[in-house]
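Chemist: For the sequence shown, UniProt numbering assigns the number 1 to the initial residue and increments by one for each residue that follows. Following this message is one structure expressed as C-alpha cells.
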Amino acid sequence: MGKNILIVDDAAFMRMMIRDILTKNGYTVIGEADNGATALDKYQELSPDLVIMDITMPEVDGIQAVREIRRVDPNAKIIMCSAMGQQAMVIEAIQAGARDFIVKPFQAERVIEAVKKIIG
C-alpha cells in the first residue's frame with residue numbers, strides 16, 4: 001500500500017509540523033499546497049495515496065477542495081484538519097467525502113493513528 005502524502009494548509013508552520021510527524025514515521029510527503037485550488041492541481045499532478053488538508057484556507061476552502069478532488073477521484077483518501085470548535089465544519093467535511101479528521105493543535109500520535117487507519 002502506498003505511503004505518499006500531500007499536505008494542504010495555508011500556514012507553512014502547520015505544513016512543517018505535519019511533514020515532520022509523517023517523515024519521522026516512515027511516510028513520504030510528495031507535495032504541499034497552501035490552498036484548495038492548488039491542492040486540486042497537486043492532487044492531479046502527484047496522485048498521492050492520502051491528502052491531509054486544513055478546512056479553513058483562502059481562495060478555495062478545504063470542504064470545497066474535498067468535493068472537487070473526490071469529483072476527479074471518487075476513491076481519494078482525505079483527512080481534514082480543524083481547530084477546536086469547528087464541529088459543524090468537520091461534519092460537513094465528512095459528508096463531502098473526507099475519511100477522518102484531526103483537531104489542531106496536533107498530537108503526533110493522533111495524526112499517525114488517522115493515517116495508519118486509512119493507508120496503513
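Backbone N, C-alpha and C define an ideal beta-carbon position, used for all residues, glycine too.
Is it buried or exposed, methionine 80, if we count other Cβ atoms within 10 angstroms and call 16 or more buried?
Modeler: Buried.
Chemist: Cα-Cα, which of Ala114, Ile118, Val66, Leu22 is closest to lysine 42?
Modeler: It is Val66 whose Cα lies nearest to the Cα of lysine 42.
Chemist: Rounded to a whole number of angstroms, what is the C-alpha to C-alpha distance between leucine 46 and glutamine 87?
Modeler: Roughly 30 angstroms separates the two Cα atoms.
Chemist: In the DSSP assignment, what residue or residues form a beta bridge with leucine 6?
Modeler: Partner(s): Gly31, Val51.
Chemist: What distance in whole Å lies between the Cβ atoms of isoleucine 18 and isoleucine 52, which are believed to be in contact at a cut-off of 8 angstroms?
Modeler: So it is a contact: roughly 6 angstroms between Cβ atoms.
Chemist: Whose C-beta lies closer than 6 angstroms to the C-beta of glutamine 64 among residues of the same chain, with five residues either side of it excluded?
Modeler: Cβ within range, chain order: Gly36.
Chemist: When you compare only the Cα positions, how much space is there between proline 74 and aspartate 49?
Modeler: Near 13 angstroms, if we compare the C-alpha coordinates of aspartate 49 and proline 74.
Chemist: If you draw a straight line from the alpha carbon of isoleucine 55 to that of alanine 93, how long is it in whole angstroms?
Modeler: Computed Cα separation, rounded: 8 angstroms.
Chemist: May I ask which residues mark the beginning and end of the alpha helix (DSSP H) holding aspartate 20?
Modeler: Element bounds for aspartate 20: 12–24.
Chemist: At which residues does the alpha helix (DSSP H) containing aspartate 41 begin and terminate?
Modeler: Segment 36–46, the alpha helix (DSSP H) holding aspartate 41.
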